[in-house]
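*Asks:*
In the numbering used here, the protein residues as written are 185 to 454.
1) Using the C-alpha atoms, what's the distance from residue 226 back to residue 260?
2) Can you find a heavy atom of the ligand NAD that lies under 7 Å from the Cβ of residue 234?
3) Mind reading off the beta-carbon distance from residue 306 to residue 193? Whole number of angstroms is fine, and I expect it under 8 Å.
4) How big is the Cα-Cα spacing for residue 317 and residue 427?
5) Would you mind reading off the limits of the alpha helix (DSSP H) that contains residue 442?
6) Considering only C-alpha positions, which residue in the set 367, 349, 403 is nearest to residue 233?
7) Mind checking who residue 250 pairs with in its DSSP beta bridge?
8) Return the first residue and the last residue of the beta strand (DSSP E) that residue 339 is part of.
9) Below 7 Å CB to CB, which residues in the same chain sit around residue 255 once its five sequence neighbours on both sides are set aside?
10) Just the C-alpha distance for residue 371 and residue 277, rounded to the nearest angstrom, thanks.
11) Please give me, in chain order, every unbroken run of the beta strand (DSSP E) with length at least 3 that falls completely inside the stretch 369–408.
12) Going by the beta-carbon positions, is the gap between residue 411 and residue 313 smaller than 8 Å?
13) Along the alpha helix (DSSP H) that carries residue 318, what are the first and last residues, could you check?
14) In its own chain, which residues sit with a C-beta less than 6 Å from the C-beta of residue 274, not counting the 5 before and 5 after it?
15) Which word fits residue 310, buried or exposed, when buried means at least 16 other C-beta atoms lie within 10 angstroms of its C-beta?
16) Once DSSP output is grouped into helix, strand and coil, what is the label at residue 227?
17) When the Cα of residue 333 is compared with those of 323, 351, 346, 322, which residue comes out closest?
18) Nearest-angstrom Cα distance between residue 304 and residue 219?
19) For residue 197, count neighbouring C-beta atoms within 10 Å of its own C-beta (all shown protein chains included) and say buried if the count is 16 or more, exposed if not.
20) Can you name the start and end residues of the beta strand (DSSP E) that residue 345 belongs to?
21) Between residue 329 and residue 285, is the Cβ-Cβ spacing less than 8 Å?
22) Would you say residue 340 and residue 346 are within 8 Å of each other, going by their C-beta atoms?
23) For residue 242 and residue 187, which I take to be in contact (beta-carbon distance under 8 Å), what is that distance rounded to the nearest angstrom?
24) Would you mind reading off the limits of the beta strand (DSSP E) that contains residue 197?
25) For residue 321, I'd like the list of residues in its chain whose CB is within less than 7 Å of its CB, leaving aside the five on either flank, ordered along the chain.
26) Whole angstroms is fine: what's the gap from residue 452's alpha carbon to residue 440's?
27) What are the boundary residues of the alpha helix (DSSP H) that includes residue 289?
28) Taking just the CA atoms, how far does residue 240 sit from residue 373?
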């Protein structure tokens, strides 16, 4: 079968382990990610694994695209270590604060700049946004069909994939024609572990970087000012409940708990 040109869209997101450090800009109603380590969005790992597996079955090329700040370059290097052939970082202050449509416009411009694609793969949604909108919006901008929530995929022939899509009620098996955009969920595969050799080799490779000036994009349609969706309010949850940790042996903890509940050992046993 002919080699495929596969693009995978990846979003660097704040490390979920550091979510308690996230802050909100009161003026723009956006998350302040400064100082928070970035990691590959969990579902985007599955998207990349899907692309790499298809490449391994019939050769081809996998290119990663990401709209992110300069600090995300290290995260994109990790995608090279996983097996991507090249990584493209779309980074410019003018992209900041964009909603899903503004983000899709930038990604579409980056994809167009690098040529034509047989298959574009995205994670179904991001950890920090969870809208599940960027993939379908990107497909519309590129003028290609799309399928969401793909949980299985297999190369059928030069121009078709066999895919299984899943919603709340059922699974459906479909024969999908290329070019195509799909979004995948965690059931599609198990992302591979990084190897030491892969990490060392990736560090020697360069991430391609484009700014707004390098892309065929209308500046009026990107960033916060170019976003038709504006967040009315965004706030952190403040817990009013207190947590107290009881320590000691099981018997000691039981006695403390009974005391906190206003019970006695004798009363509890009756």
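Virtual Cβ for every residue (Gly too), placed ideally from N, Cα, C.
Here the structure is a predicted model, which is why all the values come from computation and not from measurement.
*Replies:* A quick look at the data gives this:
1) 14 Å
2) Among the components modelled here there is no ligand, and therefore nothing to report on the ligand NAD.
3) 5 Å
4) 37 Å
5) 434–444
6) 367
7) 273
8) 330–341
9) 222
10) 35 Å
11) 392–394
12) no
13) 318–326
14) 251, 290, 294, 394
15) buried
16) helix
17) 351
18) 31 Å
19) buried
20) 344–350
21) no
22) yes
23) 6 Å
24) 196–198
25) 284, 285, 288
26) For residue 452, the predicted structure reports a pLDDT of 48, less than 50, and the residue's modelled location is therefore unreliable. The matter cannot be settled from this model.
27) 284–297
28) 14 Å
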